[in-house]
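The opening residue of the sequence shown carries number 251 in this note's numbering; numbering runs sequentially from there.
Take a look at the structure set out below.
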Amino acid sequence: MHPFHRSELLLGAEGWDRMVESSACVIGLGGVGSYAAEALVRSGFGRVILVDFDRVCITNVNRQLHATRKTVRGFKSELMAQRARAINPRAEIVPLNLFYGPETSEEILGDGHDVVLDCIDNMTAKVHLLRRCVEAEQYVVSAMGAGGRMDPTRIQVTDLSQTRIDPFARIVRRLLREVGITEGIQCVWSDEPPHDLDAAAAASFRCICPDKDLKAQHSCEGRHQVQGTTSWMPAMFGLTMAGVAVNQLLERPITTTRPDPRLRPTRKPSRARKQALMEAAGLSRGG
């Protein structure tokens, strides 16, 4: 009997051995990525790469698995590695305190992984990662926007080409389409329209992230708008991503959700709204 016996009962001896021999890479360890990473560790992956450049901020406590009052200022990758090693000391856990981008992509992805989980919220980095995975035929599951949503029943699992409603996904589709990629990326997303921010709370917001001056545009105040988030939606996105990845690895089919045909595709935003979305994504109008 071992700590993961219940998993082996369901996966079977062959499936369990496959998990132990496999490598996963989780890029972005925020509300989505922290839960995805821990689910993969608890699923028995023999090697897990944990990638995030950021430190824990007190505002992360409402939704990020590694975030408590005691862990503020700690590096997210190292905190998740500590949790992972406590859960499964036999697994090889590799924390990388890096921001994913063209300069770091080889260090992060160069060894190859059985599954990659894209939990990045920076648009430029996200599109670069997805493009690289598609071109290298690297299996990847990608998270779209979890912020601003509250309804857990609206979470979907489809190809990127089938996403609707989500403005974040719309920009991802457009930027990938510009480099010839229109499908072939499995996504976790929500068809719930994002809720507007409470005006008073938004106006009073001030970034208190550790080292905010050092990470410039990646700090809260470097973004055009900081979305409200619940404790459960990012977690459910992350857990769903882990489940999708494990089933893919074990070649077990899942029922891909079908967007409600009555839902309108993402409406074309006004010029002002489009510029705001582009600024939030860290892109200029020329993209």
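Positions of the beta carbon are idealized from the N, C-alpha and C atoms, including for glycine.
- Straight-line spacing of the CA atoms in R319 and T403 works out to 31 Å.
- CA-to-CA, the gap between S273 and E356 works out to about 16 Å.
- The beta-carbon separation of I435 and S481, rounded to 27 Å, does not stay under the 8 Å limit for a contact.
- Following the DSSP letters along the chain, one finds L329 inside the alpha helix (DSSP H) bounded by residues 326 to 337.
- Here Q406 is bridged, per DSSP, to W439.
- For P345, the enclosing beta strand (DSSP E) has its first and last residue at 342 to 346.
- Residue burial is scored here from C-beta neighbours: M251 has fewer than 16 other C-beta atoms within 10 angstroms and is therefore classed as exposed.
- Between H445 and G395, the C-beta spacing is not below 8 Å.
- Straight-line measurement puts the Cα of M400 at about 10 Å from the Cα of P484.
- Across the structure, T413 and R420 are spaced so that their CA atoms are roughly 8 Å apart.
- The alpha carbon of W439 has as its nearest neighbour, out of L260, Q314, R427, L410, the alpha carbon of L410.
- As the crow flies, the alpha-carbon of S293 is around 34 Å from that of R427.
- Straight across, the Cα-Cα distance linking F349 with G280 is about 13 Å.
- V429 sits exposed, since fewer than 16 C-beta atoms from the chains shown fall within 10 Å of its C-beta.
- Residue pairing by DSSP puts C275 in a beta bridge opposite I299, V366.
- Here the C-alpha atom of L346 lies approximately 7 Å from the C-alpha atom of D302.
- Between V322 and G296, the C-beta gap is not smaller than 8 Å, which leaves the two residues out of contact.
- DSSP lists D368, C437 as the beta-bridge partner residues of S392.
- The alpha carbon of G360 has as its nearest neighbour, out of V291, R382, S284, the alpha carbon of R382.
- Per DSSP, N497 is one residue of the alpha helix (DSSP H) stretching across 482 to 499.
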